[in-house]
Amino acid sequence: MNGPICKDPNIQEGTAMSDEFLGERRRVLENSFFAQRDRELMDKLREQVKKEALSAACGIKNPEALECLVKANIGPETSAALSIIPLVAVAWADGNIAPQEREAIRSAAHSKGIAADSVCCQLLDCWLEEKPQPILVQAWKEYIQAFAATASPEAIEALRGDVLGRAREVAAAAGGILGVHSISQTENAVLDDLASAFPS
């Protein structure tokens with residue numbers, strides 16, 4: 012008959028230490044993993060908040076355009092200027108804005124995503140009351156050219172489509188409200204001039 016098995020206390024102690032060490036390493040791994048995940052989630056949340064702030068300020072909805080603006084560290088104020096200057100330039104294309112045309116442009120802008128209580132709308136109201144200096148459009152074009160030099164072709168195309176597309180849509184919608192149902196030649200010329208700031 013075999014006697015009781017004698018367990019070496021050194022082996023038992025070594026096994027316990029190994030298990031404890033392994034447990035510690037596991038906790039470190041898990042904590043590192045979830046800390047990394049938390050950072051990634053927080054980064055995504057911050058980026059989402061930035062996109063929502065930009066969209067609320069300037070009315071830009073295109074995800075690629077918003078992504079491009081966020082990566083370039085463009086704030087709501089700059090994005091509002093980027094979005095609204097084409098609308099203003101087209102509105103003043105004929106040299107003056109009649110009161111009914113002003114209201115038509117406001118209504119059309121609201122229908123195209125520019126909220127009545129947004130910074131963008133406040134700027135639009137100011138610039139529809141008083142014609143901005145030509146340097147404003149020139150500064151816009153120069154900024155677009157500098158921006159295009161650093162952004163991807165896809166991002167630039169998305170921004171072009173969103174910003175100039177809305178300017179064209181607002182001009183057409185305002186014309187419809189006024190019973191014109193078309194964009195004038197002078198408005199088209201301004202749109203073409205603005206488009207020239209983007210890479211061809």
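All the letters of the sequence shown, read from the start, carry residue numbers 12 to 211 under this note's numbering. Heads up, the beta-carbon is just placed ideally off N, CA and C, and yes, glycines get one too.
Helix, strand or coil: which one does DSSP assign to residue i?
i      : result
Glu141 : coil
Ser195 : coil
Ile96  : helix
Ile71  : coil
Phe209 : coil
Ser163 : coil
Trp103 : coil
Gly86  : coil
Ile16  : Summary for Ile16: the model assigns pLDDT 49, below 50, so the residue's position carries little reliability; its value from the coordinates is reported in the next sentence. In this structure, Ile16 counts as coil in the three-state DSSP scheme.
Please report how far the alpha carbon of residue i lies from the alpha carbon of residue j, in whole angstroms.
i      : j      : result
Ile108 : Pro74  : 33 Å
Gln156 : Glu112 : 31 Å
Ser118 : Ala185 : 8 Å
Arg171 : Val181 : 15 Å
Glu153 : Ile146 : 10 Å
Ser211 : Ala166 : 14 Å
Should residue i go down as buried or exposed, given a rule of 16 or more other Cβ atoms within 10 Å for buried?
i      : result
Asp173 : buried
Cys132 : buried
Leu33  : exposed
Ala208 : buried
Hey, which unbroken runs of the alpha helix (DSSP H) at 4 residues or more fall wholly within the segment 107-136? Whole alpha helix (DSSP H) segments, 4+ residues: 110-122.
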